[in-house]
Each structure stands twice: as C-alpha cells, then as structure tokens.
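See below for the structure under consideration.
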Amino acid sequence: MTNPINVIESVSLDDRNDTLVLLDQTVLPNKKEFLNLTEVEQVWDAIYNLKVRGAPAIGIAAAFGVYLATKQSTAETFDALYDDFRKHKDYLATSRPTAVNLFWALDRMERRLHAESASSVASIKLALKEEADLIKKEDQEVCEAIGEHALTLLKPGWGLLTHCNAGTIATAKYGTALAPIYLGQERGYDFKVFADETRPLLQGARLTTWELNEAGVDVTLIADNMASIVMKENKVQAVLVGCDRVAANGDTANKIGTSGVAILAKYHGVPFYVCAPLSTIDLQSKTGDDIEIELRPQEEITSKWYSEPMAPAGVKAYNPAFDVTDHELITGIVTEKGIAYPPYRDSLAKLFHKED
Ligand code: MRU
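Residues are numbered in the working numbering as their position in the sequence shown, beginning at 1, plus a constant of 1.
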C-alpha cells in the first residue's frame, strides 16, 4: 500500500520555473490535480477559494507566493524592493482572516527581508527563498513532534474523532491532529477514526477520509450531527482537532462545528485535545473575542455541493467558517514543545520560552 505521508506534497516551489505548485484540494477526492501558479493574484485566489487550505499550508503557500512575486520585481534598491514586497504582502494578507499562520508567515518573511537590508537585491531575493523553504521544512518537523506528544495521550485500539481536515495536506507533512494517527498507524496502534463530514465544505468527508484511507487507517465517515451518538455508544475515547488560531487564554478558533463537538465531548466525558503548532498560537489575541471569524458566501450552504439547490432560492443563509471553542472545554493543547494544560494563559506563554 502507498503511504501518502511520503508522497503527498500539497504545497511546493518550482523555483526554476517561478511557479508555486499546489494540490487542488477543491477537486479531491475525485481528482488529484496540481495547479501551477505564477502570479500573486492566482495565489490569493487559491487561498481564498481553499485550493490550498489548513492553517500551516496557507502560511507556507503565502510565504512562497510573496517570495515569487518579489522575485519578479525589477527594483534595484532595497527601498524599492521593500515597497514591492509590502504591496504583495499586504495583498496576500487579505485572502483569509482567521488562520494566524497566514500573517505569521508573511511577517516572518518581512523580518528576513529587513535582516538582509544591507545585501544586494539579488541576495535578498535568495534569502526570501531560503526563509520560505525554512518555513516549510520547520512545519514538517513541528508536525512530527506534535504527533509524538499527542501519541502519549492515546492508547492502542482507541476510537478517535476528528473534525475538518488537520492532516498531511493541510501542512507540510503529517498534519497536526492527524499526526499521532499516522505515527500510531506505523506503530500498530490500530486506531478507529471517526471523521465528521464538516458541513458546509466537507473537508472531513472529502479530505480526511481520503488521506486516512490511502494510508490504510480504519476511518469511518459520519455526518456532523452523529458525533453525539458515537460518543454515547462509547466508540470514541478522545477527540483530536487542529486549529486556526489559539488565543492567549486557550480559546481556540477552528472549523465551524468544532465548539459543538467540544461541548458534546465534555458532556460525554471524552477528552478533547487541540493540536497546535506554536505558529498558530497568537498571544496578541487575548481571548477568542479578539479572533476575526471569516464569513463566506451563502451558496456554500445552499447549493455548492448539490446538483440542484437544497434551499429555496433567495433564502437567507449565515456562513461563518470558524467558531471559537472556549478554553474551559479543552483538555489539553498539544504543541511541538509539549502539552499545555489549564490554566492556558500560563502554560501557553511558558512554551514559547521552552528550550527544545
Ligand atoms: O477552512 P479550512 O479548510 O482552511 O479550515 C481548516 C481547519 O479548520 C483546520 O482544522 C485548521 O486549519 C488546522 S490544519 C492543520
């Protein structure tokens, strides 16, 4: 059996051809197609339309995108190059508001550019490439470390429930919430995974079941409204989810529906774990109230995945793409530096200062 952890690269740079190569996540699982993007507008569109999605993958795509756009600049001085960089950076930053990795990666690229201000324009461009490559490489290492830490919380044979897709295609490799599942699969843990379909864009049905199935993991698709019954039937011993932004107090924004799963988990006595790279923890957001929730087009609910509309023409629809899970519902936040437990305001801040 092919192990997709080794072969799927959802975001990569073809530097020789000045191209960003993306696995088009909107056509999975029916087609496995790659997009070759050369213009910054195409990168913006790919992020906005979820061709590349998942907080870490969005950050990596934006880093490569801003590098490629800046590489095309004809500027001959640092100031002129910086002007071009800022234009592309500010533009890409408008593509989606919730996943903090987008802003984190773009800010990191800007810091690198400043650090090279005394170098030639050609050297600065090379440094930007190096930084984007590093962002991707580090994400892979971070995801693997999250997987190792999360695996210590789980026992062989457990039933696990996950929401949306926090897997290998949402990151450089391994995923966040799916990382312990992949590591467990390699080590014979024999997990039984329940994947919420994740209305309205079906990341769970289309992407999580696809990638876990390809890896030979025992995965069962459920509609979102079935999470309660599988918990009541004792089929789930832990919930693992990813996140788009964690506030300083542990409030966590993730795909719409996550907070409902956390409430159910609390009621049924099932531990609820958030898997979060430090790049997704935003200490500037004091609580979940500071996190902007993306609102998306109404058609995503009424008609997008149907051959005919499934709602009366013109009916009002409300489509927040994320919700915030209150920190009180979260058993632990698993990062690459270890697992944070309540009170999160202290435990999360400490992780940023922890040595490897
Ligand atoms: O709208 P999406 O598909 O980008 O939302 C993705 C999620 O909510 C993921 O759970 C999150 O980004 C973590 S990905 C490792």
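Note that CB positions come from ideal geometry on N, CA and C, so glycine has one too.
Within its own chain, the residues whose Cβ lies closer than 8 angstroms to the Cβ of T221, once the five positions on either side in sequence are excluded, are K193, V194, F195, A196, listed in chain order. Considered as a whole, the stretch 141–220 harbours 160–163, 193–197 as its complete beta strand (DSSP E) runs of no fewer than 3 residues, in chain order.
A direct Cα-Cα distance of roughly 12 angstroms separates E309 from I302. Across the structure, L155 and R188 are spaced so that their CA atoms are roughly 12 angstroms apart.
The stretch 242–251 and the stretch 203–216 do not touch, with fewer than three beta-carbon pairs separated by less than 8 angstroms. Looking only at Q238, M110, R297, K137, the smallest Cα-Cα distance to R200 is reached by R297.
For P57, the shortest separation between its Cβ and any heavy atom of the ligand MRU lies below 8 angstroms. DSSP places S260 in the helix class (H, G or I) of the three-state scheme.
Between A171 and I147, the beta carbon gap of about 12 angstroms keeps them out of contact (Cβ cut-off 8 angstroms).
The DSSP-derived three-state label of D357 is coil. In terms of Cβ geometry, L129 and K72 form a close pair [threshold 9 angstroms]. Proximity to D80 across N50, S121, A62 peaks at S121, based on C-alpha coordinates. L222 has A196 as its beta-bridge partners, per DSSP. Contact between L93 and A63 holds, with the beta-carbon distance rounding to 5 angstroms and staying under 8 angstroms. When the alpha-carbon of H269 is set against those of A249, N235, S280, the nearest one is in N235. DSSP places Y274 in the uninterrupted beta strand (DSSP E) bounded by 273–276. The C-beta of M232 has 16 or more other C-beta atoms within 10 Å across all chains shown, which makes the residue buried. Taking 9 angstroms as the cut-off, the Cβ atoms of G60 and V44 do not count as close. Under the 10 Å beta carbon count, D290 is surrounded by fewer than 16 other beta carbons and is classified as exposed. The Cβ neighbour count for I282, taken over all protein chains shown within 10 Å, is at least 16; the residue is labelled buried. Bridge pairing for S13: V22 [DSSP]. Membership of R54 in any alpha helix (DSSP H) is not indicated, and neither H nor E is assigned to it by DSSP. Within the same chain, Cβ atoms closer than 8 angstroms to the Cβ of K90 are found at V67, L107, M110, E111, the five residues on either side in sequence being excluded.
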